[in-house]
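**Student:** The sequence shown runs 11 to 221 under my numbering. For glycine and all other residues, C-beta sits at the position ideal for the given N, C-alpha and C. Treat the numbers as computed from the prediction; the structure is a model and nothing was measured.
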Amino acid sequence: MSSKSPSGSKYNVVLLFGCPGSGKGTQGKVLGSLPGFVHLAMGDIFRALDPKSALGQEVASYSSTGRLVPDELTIRMWKEHVANLVQKKVYRPEGNLLLLDGIPRTPVQAEAMRELIEVVRVVHLVIDDTQALFQRLRSRALQQNRKDDADEAVIRRRYETYEKETRATLDAYPREIVANVDAAQTPLEVARAIFDDLISNVPAARSLEIG
């Protein structure tokens, strides 16, 4: 099944970047609840896999140790999921903005997706206090029973992987389309900052404004 839109054009997407614990998932869900926005988080897709299946066990072998799932597998699963959303009419490429959270995570993924997506904005959630960040991850682990966030070594490895791989991906995009948002604010303040930025800088988002 093709991952292009029915017209064959690229998908208009907003990329959500931020290290683990920066609140990407929370903000993606908030924006995804607004008319015209569709949130797609690779982490949710991975976690939805049957943990007893071969694919679920393969993905878990990476995520449970703080490593990235291989590029080829990640891209394949992303394509299949988007195609499924289009088929179910959950995502309408001609009228919706797709919010991508957790993909692309590497320069290889970004290059592989270049012919499929039109990046209209990159939202980078910035949090400088690493100790507060790690504490946020540990608290989330307790609240959501996410074992991958509970282990200090895994937390640090995920952070280091982000700094090495994902920052290189972020740096590949033109600075004029990147918005740095202070993720240390309250979730509501962060959501408002992101929404205001999109309305100001993404023409396709202006018709989606809800007041």
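Helix or strand or just coil, what does DSSP make of residue 126?
**Tutor:** Coil.
**Student:** Tell me the DSSP secondary structure of residue 142 in three-state form.
**Tutor:** Three-state DSSP puts residue 142 in a helix.
**Student:** Which residues bound the alpha helix (DSSP H) around residue 200?
**Tutor:** Counting along the chain, the alpha helix (DSSP H) containing residue 200 begins and ends at 197-211.
**Student:** Secondary structure at residue 106, three-state DSSP: helix, strand or coil?
**Tutor:** It is coil, neither helix nor strand.
**Student:** When the Cα of residue 53 is compared with those of 64, 36, 47, which residue comes out closest?
**Tutor:** Here the closest residue by C-alpha is 36.
**Student:** Rounded to whole angstroms, what is the Cα-Cα separation between residue 221 and residue 199?
**Tutor:** Unreliable positioning characterises residue 221 in this predicted model, as indicated by a pLDDT of 42, which lies under 50. A coordinate reading is not provided.
**Student:** Can you tell me where the alpha helix (DSSP H) with residue 21 in it begins and where it stops?
**Tutor:** Segment 21-28 is the beta strand (DSSP E) holding residue 21; no alpha helix (DSSP H) there.
**Student:** When the Cα atoms are used, what is the spatial distance from residue 39 to residue 49?
**Tutor:** When rounded, the distance between both Cα atoms is 6 Å.
**Student:** Which residues in the same chain have their Cβ closer than 8 Å to the Cβ of residue 105, if we skip the five residues on either side of it in sequence?
**Tutor:** Cβ neighbours of residue 105 beyond the five flanking positions: 46.
**Student:** Considering only the beta carbon of each residue, do residue 191 and residue 130 sit closer than 7 Å?
**Tutor:** No, the Cβ-Cβ distance between residue 191 and residue 130 is not below 7 Å.
**Student:** Ignoring anything shorter than 4 residues or poking outside the region 54-78, list the alpha helix (DSSP H) runs there in chain order.
**Tutor:** Listed in chain order, they are 64-73.
**Student:** Report the option in 193, 117, 204 whose CA atom is closest to the CA atom of residue 187.
**Tutor:** Ranking the options by Cα distance to residue 187, first place goes to 204.
**Student:** Compare the C-beta of residue 194 with all C-beta atoms of chain C and state if any pair is closer than 7 Å.
**Tutor:** The chain inventory of the structure shown lacks chain C, comprising one protein chain alone.
**Student:** If I follow the unbroken alpha helix (DSSP H) through residue 100, where does it start and stop?
**Tutor:** Neither: residue 100 is in no alpha helix (DSSP H) and is coded neither H nor E.
**Student:** Using only alpha-carbon positions, find the residue among 111, 85, 69 that is nearest to residue 133.
**Tutor:** When only C-alpha atoms are compared, the closest one is 111.
**Student:** Answer yes or no: do residue 137 and residue 189 have a C-beta to C-beta separation smaller than 7 Å?
**Tutor:** No, the Cβ-Cβ distance between residue 137 and residue 189 is not below 7 Å.
**Student:** DSSP three-state label for residue 189, please.
**Tutor:** Three-state result, residue 189: strand.
**Student:** Can you find the residues in the same chain that come closer than 8 Å, C-beta to C-beta, to residue 164, ignoring five residues on each side of it along the sequence?
**Tutor:** Same-chain partners within the cutoff: 74, 75, 76, 158.
**Student:** Given a cut-off of 7 Å on the beta-carbon distance, is the pair residue 121 and residue 22 in contact?
**Tutor:** The answer is no: Cβ separation not under 7 Å.
**Student:** Alpha carbon to alpha carbon, how far is residue 69 from residue 170?
**Tutor:** In a straight line, the C-alpha of residue 69 is about 19 Å away from that of residue 170.
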